[in-house]
């Protein structure tokens, strides 16, 4: 491992970025890290830069890209885009800022860029096994923005001659509830702590792939160490958990109950995502399954 590599990271205070900073700070890399939320700045080897990519002129971060070997672009607006204001925020953060950042990185001579993407644009009905080449159909502003981000990264990587990794991440799980997004996991946990009845739409057979942020961070570190490897990778746990099983795990912890209501428009979704490519090229071997990631989160509450 070459510890002298210099890294520029966005989204360092986010769900994935905060864990990556924690792991990467112990490895001797020099890191310029953009953060937006108020966080502990105790990690070693990190030069903290407070900024919000949706509100700043990205050109202003150009000096921090000097002599950088690797760009890690985690920052994103994760709102769906149900209003014009939300769509504008998505455009500014996920598209405009990303394009400018990739351009600046290319001009600065970075050797590699790693981009955090998602599965929000995978075409439905889902294939029996989701691989990196599965058909795409972006229908939400957020999904469109992540797909465009992938394409812009490939374009500028080819133009400026740097390597790239696109990491499609499923449903990240932090073992710190305070860092979890307002997704079904956090919602159900918070409702359970108040002894409320969890409401499961449909039959609860829809599945998700929950991946521990500790495993995601390890994938990033592998990408840093394997700087010459380019491509798109599924970074997930590689197994599924149904909404019913999720509800059972949570209610077993808190002693409340669940009930079935209405219909789930995504009842037939089975997020069976392959990690074969990441395993072969990045030696990606997740420590946690979907179930053990959720159980570990619950144990820490």
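Numbering (full-length UniProt numbering), first residue to last: 1 to 301. We treat Cβ as the ideally placed atom computed from N, Cα and C, and that holds for glycine.
- The three-state reading of DSSP puts residue 231 in strand, counting E and B together.
- In the structure shown, residue 115 adopts extended strand secondary structure according to DSSP, grouped into three states.
- In this structure the stretch 185–205 does not touch the stretch 120–133; the number of beta carbon pairs closer than 8 Å is below three.
- In the structure shown, residue 72 adopts extended strand secondary structure according to DSSP, grouped into three states.
- Around the beta carbon of residue 123, fewer than 16 other beta carbons lie within 10 angstroms, which makes this residue exposed.
- The stretch 45–62 makes contact with the stretch 24–35: 3 or more CB pairs, one atom from each, lie closer than 8 Å.
- Taking a contact to require three or more Cβ pairs closer than 8 Å, the stretch 167–185 and the stretch 210–220 qualify as touching.
- Taking the Cα of residue 149 as reference, the smallest distance to any Cα among 260, 220 and 94 is reached at 94.
- Judged by DSSP in its simplified three-state form, residue 83 adopts coil rather than helix or strand.
- An exposed status is given to residue 85, since fewer than 16 other beta-carbon atoms sit within 10 Å of its beta-carbon.
- When Cβ pairs closer than 8 Å are counted between the two stretches, the stretch 94–109 is seen to touch the stretch 59–66, the count reaching three or more.
- In the DSSP assignment, residue 138 falls outside any beta strand (DSSP E), carrying neither H nor E.
- In this model, residue 264 and residue 247 are separated by some 15 Å (Cα to Cα).
- Restricting attention to 81, 178 and 152, the CA atom closest to the CA of residue 115 is found in 152.
- 8 Å or more divides the Cβ of residue 135 from the Cβ of residue 215.
- Taking every protein chain shown into account, the CB of residue 261 has fewer than 16 other CB atoms within 10 angstroms, so this residue is exposed.
- Inter-segment contact for the stretch 217–236 and the stretch 155–167 is present: three or more beta-carbon pairs are separated by less than 8 Å.
- With distances taken between CA atoms, residue 9 lies nearest to 72 out of 159, 72, 61 and 60.
- Per DSSP, the continuous beta strand (DSSP E) segment holding residue 200 begins and ends at 198–201.
- Residue 156 carries a helical assignment under DSSP once its states are collapsed to helix, strand and coil.
- Beta-bridge annotation (DSSP): residue 214 is not paired with any residue.
- Residue pairing from DSSP leaves residue 236 without any beta-bridge partner.
- Excluding residues up to 5 positions away in sequence, 222 lie with their Cβ nearer than 7 Å to the Cβ of residue 283 in the same chain.
- Taking the Cα positions, residue 301 is about 44 Å away from residue 109.
- For residue 29, DSSP records no beta bridge to any residue.
- Buried is the label assigned to residue 234, since at least 16 other Cβ atoms lie within 10 Å of its Cβ.
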